[in-house]
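Heads up: the sequence lines are chains A and B, in that order. According to this note's numbering, the first sequence holds residues 68 to 594 in order. According to this note's numbering, the second sequence holds residues 68 to 594 in order. Note that CB positions come from ideal geometry on N, CA and C, so glycine has one too.
Number of protein chains: 2
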Amino acid sequence: MMINWNNLDTIQAYQELSKTAPVDLAEVMAGESGADRVKKYTVPMGAGLAFNYAAKQVDDEVLAALEKLAEETQLTEKFEALYNGEVINTGEKRLVLHHMTRGQLGDAVVVDGVDKREFYTEQQKKIAELADKVHKGEITNAAGEKFTTVVQIGIGGSDLGPRAMYLALENWAKANNTFKMEAKFISNVDPDDAAAVLNGIDVAHSLFILVSKSGTTLETLTNEAFVKDALKNAGLDASKHMIAVTSETSPLAKSDDYLAAFFMDDYIGGRFSSTSAVGGAVLSLAFGPEVFAQFLDGAADEDKLAKNKDLRENPAMLDALIGVYERNVLGYGTTAVLPYSQALSRFPAHLQQLDMESNGKSVNRFGEPVNYVTGPVIFGEPGTNGQHSFYQLLHQGTNIIPLQFVGFKNNQMDTDVVIQDSTSQQKLCANVVAQIVAFACGKADDDRNKNFEGGRPSSIIIGDQLNPATLGALLAHFENKVMFQGFVWNINSFDQEGVQLGKVLAKRVLAHETDGALKAYSELLNI
Amino acid sequence: MMINWNNLDTIQAYQELSKTAPVDLAEVMAGESGADRVKKYTVPMGAGLAFNYAAKQVDDEVLAALEKLAEETQLTEKFEALYNGEVINTGEKRLVLHHMTRGQLGDAVVVDGVDKREFYTEQQKKIAELADKVHKGEITNAAGEKFTTVVQIGIGGSDLGPRAMYLALENWAKANNTFKMEAKFISNVDPDDAAAVLNGIDVAHSLFILVSKSGTTLETLTNEAFVKDALKNAGLDASKHMIAVTSETSPLAKSDDYLAAFFMDDYIGGRFSSTSAVGGAVLSLAFGPEVFAQFLDGAADEDKLAKNKDLRENPAMLDALIGVYERNVLGYGTTAVLPYSQALSRFPAHLQQLDMESNGKSVNRFGEPVNYVTGPVIFGEPGTNGQHSFYQLLHQGTNIIPLQFVGFKNNQMDTDVVIQDSTSQQKLCANVVAQIVAFACGKADDDRNKNFEGGRPSSIIIGDQLNPATLGALLAHFENKVMFQGFVWNINSFDQEGVQLGKVLAKRVLAHETDGALKAYSELLNI
């Protein structure tokens, strides 16, 4: 089928969507109608998760319009083109292959004689071998002692995703006896970031992973020098303490400075790289390769659902289209991500990059300005913490903020406490349930200060437990959601030209090649 | 002077402000005009900081209109009324006295025969005495060994502010030999939060601070039980390991369960409590009472500037009014807080509560709906990390997001590294300078995908170093900004009725007294 890339405002189904009658959420979520919606508006996700959208401002009419929109914008076909190896990243003229790090969704994709699925699998295998040797004490420090700590040096996609995944699984791994090494992360060019991490670890027993696709990221190379100084000061040979994750063409690829090098390539964007060697090295060392493999399986499970042509059986596509409806028809500008799981404390920060860097664009795939809004602002903190922080504005503020909840029936560790006849986990779950209904239905009060208008939409992703497989599915869900939204908005979700200007100007500041405001600010900051 | 509380849309000066000519930021920030603005549009803050608003969309005409707005909305008089002890929190009919935790700005305020300034000072003195005894080993565990770790148990304002302040000063204290005890924080009702913290510490050498004003916060009492179980399992007497920070009327106040109790009261809102005993106990134990005293001095220094009637010499009021102009006239809905300091990693999360819980309101002080937007969404992460994450949307997204940068000339620790002729700290500063100019001025490119429109406003707070005094000033600046904005919007910034409905519904869920959607969701989560 011929694929057409058209702006959203030229799509017939979008015009129809704009004319659907708005759903009065407080009304439809009340009483038995609400109970019916909770049972009806749910779709299975990968690894046993479920996406429940009962508290979104949709009904069968809106959903029918979204189905037409999915069809007319050829979302399934565009995803097919992507995983079959077409050049979807039009800005940088690249393939987009992160799905292949966890599965083979369609045709084999061969680039320069290399089957990419085999290439990514081969890297995972090599990482697994290294991790096993480190865990068994076959690779040690110069004194023959086991490494106890792994430190990832990277920024952006080399930091946020892997860090969020590590924190998500740290306690699970401890409870399930798969915890191998503690992981730390150095990202910021702020010298105090590296110094604090280095002060908090035993460098003699630490293995550092330098992660930079290009091998030229300023922050990462600077922090590498920082770490090498620390190793040298401790009388250690840095090359016995460092591995690299990079592209085969990078200066880091064949350097004697590293114990080993593992590869990704230009077809894996940084923000989509948690399932590649970028996440693979640190997570395999921290938790063992088997845990990383389960994580990949969960993601692959979710990817398969994203192929479903039926919108109501495709959770990522459904989530994406409801988001477009909220953003472009209902006019909501921000989305809050609210996981009721302390282990997901940095998951919203990862989604912030994933979503805002992918879809924070003003031009379409052909470089022409679009006449409609694109990616929203994403922010969030775990519940119940957020309830005691910014939920006031979510409930009673002057703007409506769509909410993405995440909740699990069981916690990760085996300790809990019963207070007032319920466990903490039950309290946690009761709170997320209560919030969904409070936001949707509100509550009238004669004291307007205590009045809740309701009508504030949310969806919830529900699982039995946060574990490697469900985490993989959760991650892939949002990656695929962001991809589908980019297709609908007709933008290129896979480049990030917006980060370039700052880099250029920072170099000029450091070279003192400035005038005007740039020079004046430089003086204020003593540069 | 008679104080009038009027809605913003009835204010004459607001109508005039709405008619001012919009400033073309890309134009005025170019060339020498830009350099002039950087030098001209700056105002000293407390503790040697400076607030520079050159890259905001203001000029002398807009500033003149803001001056009229400040006058007509009687901001100085309202602040005076607040610190002189009038009932400013109309929702809960309470005084608002957090400024008194760090200074005496006006009249003595006596409640029930107690001078409140004396009361807060007395609590600080008692905390200092306890902290000194703990540090000297005069108060120890049952085995006569020194406590090494302090763990704060609290949520919302009892967690976010103190945690952000601790992280902001941890490395500074280590570099300046005032680091006394490591601090940890337990907040979430998620049982894995407490379990993970407890697994990571040596409970026998840990002192726990239970923080709850009412003594009834569900999360906090639940986590207290969690901690008591852990102490008991370790064969320890919990009452020798716990202190309380609460109000004098709370059930925790005179309990034998605690080594000591320190008091705050109903006139200190949780989100404004970092300078009270809520922040004082943990920070004094972690860094010593002298450090906490410097932090208070910095805040007091900033508070004094907030009294200035001249808008251009009142940084908090100026920041507040520029924010109102951006929110209500220019229509920007979100503000990003971007500190170029890893130590301020959780400062944006604290501001999120401070701002969104205070000003996320839809009714005025008299409970009448307002016809204009109020508090914005606040989010942020430290630079340069954010540059590699969500800055793409900030530069090239379809919505304009005002930015609040923070930068320091010097880092906190004494380690740095020179790469490509500059230190990491210089790179950090060069990046924030570059970003301000990139956002304001943009850069034309024939390739529209690489085009930057500019016109994206920011301000920057600049200091020599992040230390206790500058941190105090920084904190007080935002507290006062939020207060002034609440005055302009004619809302009550000091209550939080929006958090109540969720609490009520969560109790019903736990009691299984549900029907409709609440029951259906409860079943999905196995409650």
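- Taking a Cβ-Cβ threshold of 8 Å, none of the residues of chain B is close to G170(A); the smallest such distance is about 27 Å.
- Contact between the segment 213 to 224 of chain A and the segment 370 to 387 of chain A is absent: fewer than 3 CB-CB pairs across the two stretches fall below 8 Å.
- A93(B) and A507(B) do touch by the CB rule: their CB atoms are close to 7 Å apart, below 8 Å.
- Inclusion of S456(B) and Q420(A) in the CB contact set at 7 Å is warranted, their separation being smaller than that value.
- In summary, F330(A) is buried, with 16 or more beta-carbon neighbours lying within 10 Å of its beta-carbon over all protein chains present.
- Only residues of its own chain outside the window of five on either side were considered, and among them I222 have a CB closer than 7 Å to the CB of T284(B), listed in chain order.
- Interface annotation, N498(A): in contact with chain B, CB-CB separation under 7 Å.
- Of all alpha-carbon atoms in A148(B), P89(B), S343(B) and P535(B), the one lying nearest the alpha-carbon of K193(B) is that of S343(B).
- When only Cα atoms are considered, A175(A) and G152(A) end up about 8 Å apart.
- Chain B has a Cβ within less than 7 Å of the Cβ of L460(A).
- In this model, T157(B) and F433(B) are separated by some 8 Å (Cα to Cα).
- Taking 7 Å as the CB threshold, F252(A) stays off the interface with chain B.
- Distance between V555(A) and F551(B), taken at the CA atoms: about 42 Å.
- Here P111(B) is bridged, per DSSP, to A117(B).
- Interface with chain A (7 Å Cβ-Cβ cutoff): A573(B) is included.
- Residues of chain A whose Cβ lies closer than 9 Å to the Cβ of I335(B) do not exist, since the nearest Cβ in that chain is about 15 Å away.
- Sequence-ordered contacts of the segment 92 to 113 of chain B with chain A read M96, A97, G98, E99, S100, G101, A102, D103, R104, V105, K106 and T109 [C-beta pairs closer than 9 Å].
- Assigned with DSSP and collapsed to three states, K570(B) falls in helix.
- Judged by DSSP in its simplified three-state form, I335(A) adopts coil rather than helix or strand.
- Secondary structure in the segment 487 to 517 of chain A: the alpha helix (DSSP H) runs of 4 residues or longer, each lying completely within the stretch, are 491 to 508 in chain order.
- At least one CB of chain B lies nearer than 7 Å to the CB of M480(A).
- Residues of chain A whose Cβ lies closer than 8 Å to the Cβ of Q493(B) are, in chain order, L577 and I594.
- DSSP lists no beta-bridge partner residue for T207(A).
- Here DSSP, grouped into helix, strand and coil, assigns D377(A) to coil.
- Nearest to L277(A) by alpha-carbon distance, out of P535(A), V177(A), N300(A) and A328(A), is A328(A).
- For S85(A), the enclosing alpha helix (DSSP H) has its first and last residue at Q79 to S85.
- With 16 or more neighbouring CB atoms inside 10 Å of its own CB, D332(A) falls in the buried class.
- Contacts between T289(B) and chain A, judged by CB atoms closer than 7 Å, involve V484, I486, S491 and K494 in chain order.
- With respect to the 7 Å criterion, A80(B) and K123(B) are not classified as neighbours on the basis of their beta carbons.
- In the three-state DSSP reduction, N73(B) falls in the coil class, being neither helix nor strand.
- The straight-line gap separating the alpha-carbon atoms of K574(B) and V499(A) is approximately 12 Å.
- Ranked by how close their Cα comes to the Cα of L363(A), the residues S341(A), N266(A) and L352(A) have S341(A) in first place.
- From the beta-carbon of T401(B), the residues of chain A found nearer than 8 Å are G400, T401 and V444.
- Taking a beta-carbon distance threshold of 7 Å, T283(B) does not count as an interface residue toward chain A.
- Closest option to Y399(B), judged by alpha-carbon separation, among T581(B), L352(B), G355(B) and S525(B): S525(B).
- Exposure of L397(A) is indicated by the presence of fewer than 16 other C-beta atoms within 10 angstroms of its C-beta.
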